[in-house]
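Engineer:
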Amino acid sequence: MPAGIGEQRDHRGSRRLGGAEQAFWYAAAAVSYVILSLWHKWLLNWFVGPLWLVVVVTAGPSLVDRVRRR
Amino acid sequence: MSWAAHQFEVYAIQAHLPKKMQGKVSFWAIWLGDFTPDFLSKFWVYGITINGVHYGSSVPHQWHRGWPGMGFTHTLFLGILVTLGLWLWKRNRAWAVGYLLGFAAHALTDVNDSVGTMALFPFLTLNFSLETWKYAASIEGGKYLDAAAYYSSLGLVMDLFWLAVVLASWRVLTREYWRTTVVPADPGVWAWFGRFLPERGLLALYRATFFYGVCRLVAWSTWAHVVARPVIDGVERVGYPLDLRWTGPWWMPGRSLPQVPIWVVIITVTVLLIALYAVLGRLWEPMGRAEKAHRAKRAARAGR
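Chains A and B, in that order, are what the protein sequence lines are.
If you're matching positions, the first sequence starts at 1 in our numbering and goes up one per residue.
If you're matching positions, the second sequence starts at 1001 in our numbering and goes up one per residue.
1. Taking buried to mean at least 16 other C-beta atoms within 10 Å of its own C-beta, is Ala-1185/B buried or exposed?
2. So, with DSSP's three-state summary, where would you put Gly-1248/B?
3. Pull up the DSSP beta-bridge partners for Thr-1222/B, would you.
4. Give me, in chain order, the residues of the same chain whose beta-carbon lies closer than 6 Å to that of Glu-1291/B; leave out the 5 immediate sequence neighbours on both sides.
5. Determine, using beta carbons only, whether Val-54/A comes closer than 8 Å to chain B.
6. Taking the alpha-carbon of Leu-1100/B as reference, which of Leu-1273/B, Pro-1122/B, Trp-1223/B and Leu-1120/B has the nearest alpha-carbon?
7. Considering Cα atoms alone, identify which of Ala-1191/B, Gly-1248/B, Ser-1026/B and Arg-1065/B is closest to Met-1118/B.
8. From the beta carbon of Gly-18/A, is the nearest beta carbon of chain B less than 8 Å away?
9. Could you name the residues of chain A that Glu-1199/B contacts, counting a contact when the two beta carbons are closer than 8 Å?
10. My understanding is that Ile-1030/B touches Gln-1014/B, with C-beta atoms under 8 Å, so please give their C-beta distance in whole angstroms.
11. Whose C-alpha, out of Gly-1248/B, Ala-1228/B and Arg-1245/B, is nearest the C-alpha of Gly-1239/B?
12. Below 7 Å CB to CB, which residues in the same chain sit around Pro-1122/B once its five sequence neighbours on both sides are set aside?
13. For Val-57/A, go through chain C and note every residue whose CB falls closer than 7 Å to its CB, in chain order.
14. In the structure shown, what three-state DSSP assignment does Tyr-1151/B receive?
15. Note down, in chain order, each residue of its chain lying with its Cβ closer than 6 Å to the Cβ of Leu-1217/B, except the 5 sequence neighbours on either side.
16. Shorter than 8 Å from the beta carbon of Trp-1223/B to some beta carbon of chain A?
17. Could you tell me the distance, in whole angstroms, from the CA atom of Val-1157/B to the CA atom of Thr-1073/B?
18. Suppose only complete runs of 3+ residues qualify. What are the beta strand (DSSP E) ranges in the region 1047 to 1074 of chain B, listed by chain order?
19. Use the C-beta contact count for Glu-1140/B: other C-beta atoms within 10 angstroms, 16 or more gives buried, fewer gives exposed.
20. Hey, would you say Ala-1149/B sits closer than 8 Å to Leu-44/A, going by beta carbons?
21. Considering only the alpha carbon of each residue, which of Ile-1048/B, Phe-1128/B, Leu-1032/B and Trp-1044/B lies closest to Leu-1324/B?
22. Which term fits Ser-1057/B, buried or exposed, when burial requires 16 or more other beta carbons within 10 angstroms of its beta carbon?
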């Protein structure tokens, strides 16, 4: 694992999340996953569940940054 | 069977490794070991239905935990065999020890349901079960009834217990712990994932199994007790009845296989856990020396 490149950016130059922002994205992933999976229970599996969190936490902040830049 | 307990126990093991193993056992090996039994057997337990034709096991609990069947996937025997294979192949102590710990956790946790596991396979093909809750996988009920029964019984308490164990060692979920303890034990795997994911994605990947465990616990419990409208004994109910007595829930027919008495289960599982801990503790240093020697030999061969 490469050492952190500065405090704000990681080894890929992506922004590191602060505590509150990180909590927001984890909560968003959990709430959306639980609500959707109550009605679409096929989502409750070993593959979709973990992937859901990784996608939301990885892509969510990047998308918001992109929209803000416009 | 256990549900989210299997997700939580991965972090519980990670957090409670003996001091000399901390930061030196692969998280991914624990994860893989814990998931192997169900990876190998579960797909056929519920099966799939295509155009009204069901493809799957005709007797799910026999397939899942019995012999003949795939019950050997939930035995320490297979865990030890795969661990030996891993060790002979890679001479990697972090993976061999992690894999066996994860596998043992899964196989021994599953003695709680009414079917249990064959703890002494291949020497004995009787199942070891504490009958804490009913094993509920069936062709008619599928995954839904299985989930409803589990989350209406002491299975729910089992999941909450393992969740509490992880939350009591909450540091295991922090970024600091991940960076200083988890990544150094498995730098190659994390570096590979790091080619595709930013750090926040890697951390999410580490926490993802815990996240999935919490979400499935909440989602299935909510569905079973709030959303579902089951008809039990001819009466439509709001949610499945909760039954936190031993061998619950009452509204589900129990399934079991020929098994040993409960006192034998308690003694055997305790002895197996102590033996596993003692053997791994004893082998830890010699395995480290063998790994070093193997690496030195490979480096010398590469240098020629």
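Built from N, CA and C at the ideal position, the CB exists for glycine as well.
Structural biologist: The short version:
1. The residue you call residue 1185/B lines up with position 185 of the second sequence. Flag for Ala-1185/B reads buried.
2. As a position in the second sequence, residue 1248/B is number 248, starting the count at 1. In this structure, Gly-1248/B counts as strand in the three-state DSSP scheme.
3. Within the second sequence, residue 1222/B is the residue found at index 222, counting from 1. BP columns for Thr-1222/B are empty, so no partner.
4. Looking up residue 1291/B in the second sequence gives position 291. Excluding positions up to five away in sequence, the list reads Arg-1091 and Arg-1093.
5. In the first sequence, residue 54/A corresponds to position 54, counting from 1. Yes - at least one Cβ of chain B is within 8 Å of the one on Val-54/A.
6. One-based indexing of the second sequence puts residue 1100/B at position 100. It is Leu-1273/B whose Cα lies nearest to the Cα of Leu-1100/B.
7. Position 118 of the second sequence, counting from 1, holds the residue named residue 1118/B. Answer by Cα proximity: Arg-1065/B.
8. Along the first sequence, read from residue 1 onward, the residue named residue 18/A stands at position 18. By this cut-off, Gly-18/A is not an interface position.
9. Counted from its first residue, the second sequence places residue 1199/B at position 199. What Glu-1199/B touches in chain A: Gly-4, Asp-10, His-11, Arg-12, Ser-14 and Arg-16.
10. Locating residue 1030/B in the second sequence gives position 30, counting from the first residue. Locating residue 1014/B in the second sequence gives position 14, counting from the first residue. About 6 Å separates the two Cβ atoms, so the contact holds.
11. Along the second sequence, read from residue 1 onward, the residue named residue 1239/B stands at position 239. The shortest C-alpha separation from Gly-1239/B is found at Ala-1228/B.
12. In the second sequence, residue 1122/B corresponds to position 122, counting from 1. Around Pro-1122/B: Phe-1077.
13. Here chain C cannot be found, since the structure's protein chains are A and B.
14. If you number the second sequence from 1, residue 1151/B lands on position 151. Residue state, collapsed to three classes: coil.
15. Numbered from its first residue, the second sequence carries residue 1217/B at position 217. Counting only Cβ-Cβ distances below 6 Å, and skipping sequence neighbours, we find Ala-1004 and Asp-1159.
16. As a position in the second sequence, residue 1223/B is number 223, starting the count at 1. Closer than 8 Å to some Cβ of chain A, the Cβ of Trp-1223/B qualifies, so yes.
17. What you label residue 1157/B is simply residue 157 of the second sequence in a count that begins at 1. What you label residue 1073/B is simply residue 73 of the second sequence in a count that begins at 1. If I take the Cα positions, the gap works out to 25 Å.
18. 1048 to 1050 and 1053 to 1055
19. On the second sequence, position 140 is the one that residue 1140/B refers to. The residue in question, Glu-1140/B, is exposed, as its Cβ has fewer than 16 Cβ neighbours within 10 Å.
20. Position 149 of the second sequence holds residue 1149/B. Position 44 of the first sequence holds residue 44/A. Taking 8 Å as the Cβ cut-off, Ala-1149/B and Leu-44/A do not qualify as a contacting pair.
21. Here chain B has residues from 1001 to 1304 only, and residue 1324/B is not among them.
22. By one-based count along the second sequence, residue 1057/B stands at place 57. With 16 or more other Cβ atoms within 10 Å, it is buried.
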